[in-house]
Amino acid sequence: MTVSPRIELVPGGLSLSRLVFGAWRLLDGQNPGAEEVARLIDTSVDLGLTSFDHADIYGGYAVEEAFGAGLARWKGRRAGIELISKCGIMLASSNRPQNRLKHYDTGAAHIEASVERSLNNLGTDYLDLLLIHRPDPLMDADDTARAFERLVAAGKVRAVGVSNFTPDQFDLLASRLPFPLVTNQIEHSVLETSALTDGRLDHAQRLRYAPMIWSPLGGGSLFTGEAHASKGCGQR
Ligand SMILES: NC(=O)c1ccc[n+]([C@@H]2O[C@H](COP(=O)([O-])OP(=O)(O)OC[C@H]3O[C@@H](n4cnc5c(N)ncnc54)[C@H](OP(=O)(O)O)[C@@H]3O)[C@@H](O)[C@H]2O)c1
């Protein structure tokens, strides 16, 4: 059996590299600086990792801008990489003093404003994939879907999906859209196997979409032996 180095999320359209560069920890420790980020992008692409996973909140709302500075210095072609971003988590952060408490906002106004900021920070005029980062208990699926439709129609987003959704939450949002949700980005590793038994991977297989996996090494716990307590990027 041969394993394709790429995964098609949209038949004949958007595909991602099988391994994705996760940008969440880019600014943990020292800020690498634009030249170093450009080198990281170059090395990643050379290795076949052409897809870069972001979220508005990474690095306390600072990673996308730092990555964008590197991307501006990178000599490659924008069309040769895929940029993924997420939104919907409102972190309490010094960069968002208006968020006094962590909460969720999946309303159209927030999604569209967040995408504009991501485009601006990354220095691009389109995202290859936009995901709702976590389920919002107060989601109005019609409103969320309207934002997705407008962003796709405007060419600002090529495809849309979700992250950390249950099958029911996925189906609810999908029921309001004229095009498919192309993925559910979920945690999965040998240390966190619940997606195998709670229906999320069955759902992906039933609807024939490829899930994206986060923390495949248990955030490093696989090697360090430290307890892994699902310290996801929006959960800290
Ligand atoms: N959608 C969501 O809710 C969500 C949540 C979390 C993450 N994500 C996405 O998934 C991406 C990957 O998540 P992740 O960073 O948690 O993935 P991961 O691959 O499970 O963990 C990476 C961590 O493992 C450490 N590590 C790797 N090899 C190691 C070794 N041999 N010994 C000790 N430590 C080792 C790395 O440390 P070094 O850096 O020192 O190598 C790094 O801190 C994120 O960047 C983000 O894009 C999405």
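Going by this note's numbering, the sequence shown wraps up at 270, each residue one higher than the last.
Glycine is no exception: its CB is placed at the ideal position from the N, C-alpha and C atoms.
Nearest residue (CA-CA) to residue i, options the options
i, options, result
"arginine 242", "Val44, Ser209 and Ile145", "Val44"
"serine 128", "Asp139, Ile115, Ile41 and Ile91", "Ile91"
"aspartate 62", "Glu260, Ala100, Ala187 and Thr231", "Ala100"
"leucine 172", "Thr140, Leu235, Ser152 and Glu69", "Thr140"
"isoleucine 166", "Ser228, Leu50, Thr217 and Gly93", "Thr217"
"aspartate 176", "Ile75, Thr227, Asp205 and Gly110", "Asp205"
"arginine 151", "Leu81, Asp232, Leu256 and Glu98", "Glu98"
"arginine 111", "Lys120, Thr84 and Asn133", "Thr84"
Where residue i falls, given that 16 or more other Cβ within 10 Å makes a residue buried
i, result
"proline 245", "buried"
"valine 37", "exposed"
"alanine 229", "buried"
"glycine 93", "buried"
"valine 79", "buried"
"asparagine 154", "exposed"
"phenylalanine 213", "exposed"
"alanine 261", "exposed"
"leucine 117", "buried"
Whole-angstrom C-beta distance between residue j and residue i, which should lie under 8 Å
i, j, result
"leucine 207", "valine 149", "Not a contact, Cβ separation roughly 16 Å."
"proline 169", "glutamine 203", "5 Å"
"alanine 193", "aspartate 162", "7 Å"
"alanine 57", "arginine 107", "In fact, because the Cβ distance is near 16 Å, the residues do not count as touching under 8 Å."
"alanine 68", "alanine 103", "4 Å"
Closer than 8 Å to chain C by CB, residue i
i, result
"threonine 140", "Absent from the structure is chain C; it holds one protein chain and no more."
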